[in-house]
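Peer 1: Sending over a structure as structure tokens; questions will come in a sec.
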Amino acid sequence: MCHVSWLSPRWGWKSHLQLQDTPLRSWLTDKGSLTRKIQNCCNQFRVTIISQALAYPFTDESAVFGLRNRRLAWVREVSLYADGCPVVYARSVLPQESMRGAWQVLSKIGNKPIGAVLFSDPGIRRSQLVYKKLDAQHSLRHILVRNETLWARRSVFIRDKMPLLVNEVFMPEILRLA
């Protein structure tokens, strides 16, 4: 079962931020399908898989599930492209037991966006969105090796009582989409 420990001050994810300071506000706070929103703003959309395998979640990701550190989970990392430009890095994390059960469908989606599954099944529930301005030390920052200010959001999707964590990091290039 999912623990909401991501809201602990220790991890720095917040349910409410003063987001008026960022032009990304409308992207960060949109509760619909991010994939669909990007598709509606560009001519060509694609998903590129960076990795999809059993891996160790980051410490703050393990905390969401109440997993002990060094316990493997299914981790999928992708880049979402709009008109040839990467606009979002997404990292989805799933406890192994969820992969064999409620979320088994994800093992067969290939380079299709996870949003196609998440927003087409009325039985899937979504937690509140939480937000974070990534500092230089955050694990998601190290993957991207970018110098710009990066904002991220995350939420948990529940299917048959099994959680799936989705992290989304917004590249500054997303602002060119209108």
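Numbering (this note's numbering), first residue to last: 89 to 266. Note that the Cβ used here is the ideal one computed from N, Cα and C, for glycine as well.
For K102, which residues in the same chain have their Cβ closer than 8 Å to its Cβ, ignoring the five residues on either side in sequence?
Peer 2: Residue mapping note: residue 102 aligns to position 14 of the sequence shown, counting from 1. Excluding sequence neighbours, K102 sits near L95, V218, Y219 and K220.
Peer 1: Do P183 and P251 have their C-beta atoms within less than 9 Å of each other?
Peer 2: Along the sequence shown, one-based indexing puts residue 183 at 95. Along the sequence shown, one-based indexing puts residue 251 at 163. Result yes, Cβ atoms of P183 and P251 sit closer than 9 Å.
Peer 1: Does the beta-carbon distance from L168 to V135 come in below 9 Å?
Peer 2: Locating residue 168 in the sequence shown gives position 80, where the first residue counts as 1. Locating residue 135 in the sequence shown gives position 47, where the first residue counts as 1. Cβ distance < 9 Å, so L168 and V135 count as in contact.
Peer 1: Which residues share a DSSP beta bridge with R113?
Peer 2: The residue labelled residue 113 in the question sits at position 25 within the sequence shown. Per DSSP, none; premise fails for R113.
Peer 1: According to the Cβ coordinates, are F258 and W115 closer than 9 Å?
Peer 2: To locate residue 258, count along the sequence shown from 1; it is residue 170. To locate residue 115, count along the sequence shown from 1; it is residue 27. Yes, the Cβ-Cβ distance between F258 and W115 is below 9 Å.
Peer 1: N255: buried (16+ other C-beta within 10 angstroms of its C-beta) or exposed?
Peer 2: Within the sequence shown, numbered from 1, the residue matching residue 255 stands at position 167. Its Cβ being crowded by 16 or more others within 10 Å, N255 is buried.
Peer 1: For F258, report the span of its beta strand (DSSP E) as first-last.
Peer 2: As a first step, residue 258 must be located in the sequence shown, where it is residue number 170. M250 to F258 is the span of the beta strand (DSSP E), which, as asked, contains F258.
Peer 1: Counting Cβ pairs, one atom from each stretch, are 3 or more of them under 8 Å apart for the segment 139–147 and the segment 155–172?
Peer 2: Flag = yes, the segment 139–147 and the segment 155–172 touch.
Peer 1: Any heavy atom of the ligand NAD closer than 8 Å to the CB of T147?
Peer 2: Annotation note on the ligand NAD: not contained in the displayed structure, which lists no ligands.
Peer 1: Going by CA-CA distance only, name the one from V244, R242, D223 and S243 that's closest to E236.
Peer 2: The count along the sequence shown starts at 1 and reaches residue 236 at position 148. The residue with the shortest Cα to Cα distance from E236 is D223.
Peer 1: Mind checking who I246 pairs with in its DSSP beta bridge?
Peer 2: In the sequence shown, counting from the first residue as 1, residue 246 sits at position 158. R213 and P251.
Peer 1: Measuring only the C-alpha atoms, how far is S215 from V244?
Peer 2: Numbered from 1 along the sequence shown, position 127 holds the residue referred to as residue 215. Numbered from 1 along the sequence shown, position 156 holds the residue referred to as residue 244. Roughly 5 Å separates the two Cα atoms.
Peer 1: With distances taken from CA atoms, which of I246, R247, K249 and W239 is nearest P111?
Peer 2: Mapped onto the sequence shown, residue 111 falls at position 23. Residue W239 is the option with its Cα nearest to P111.
Peer 1: Quick check on Q140: does DSSP put it in helix, strand or coil?
Peer 2: If you number the sequence shown from 1, residue 140 lands on position 52. Here Q140 sits in strand by DSSP.
Peer 1: How long is the line joining the alpha carbons of L265 and L253, rounded to whole angstroms?
Peer 2: The residue given as residue 265 occupies position 177 in the sequence shown. The residue given as residue 253 occupies position 165 in the sequence shown. Each residue's Cα considered, the two are about 26 Å apart.
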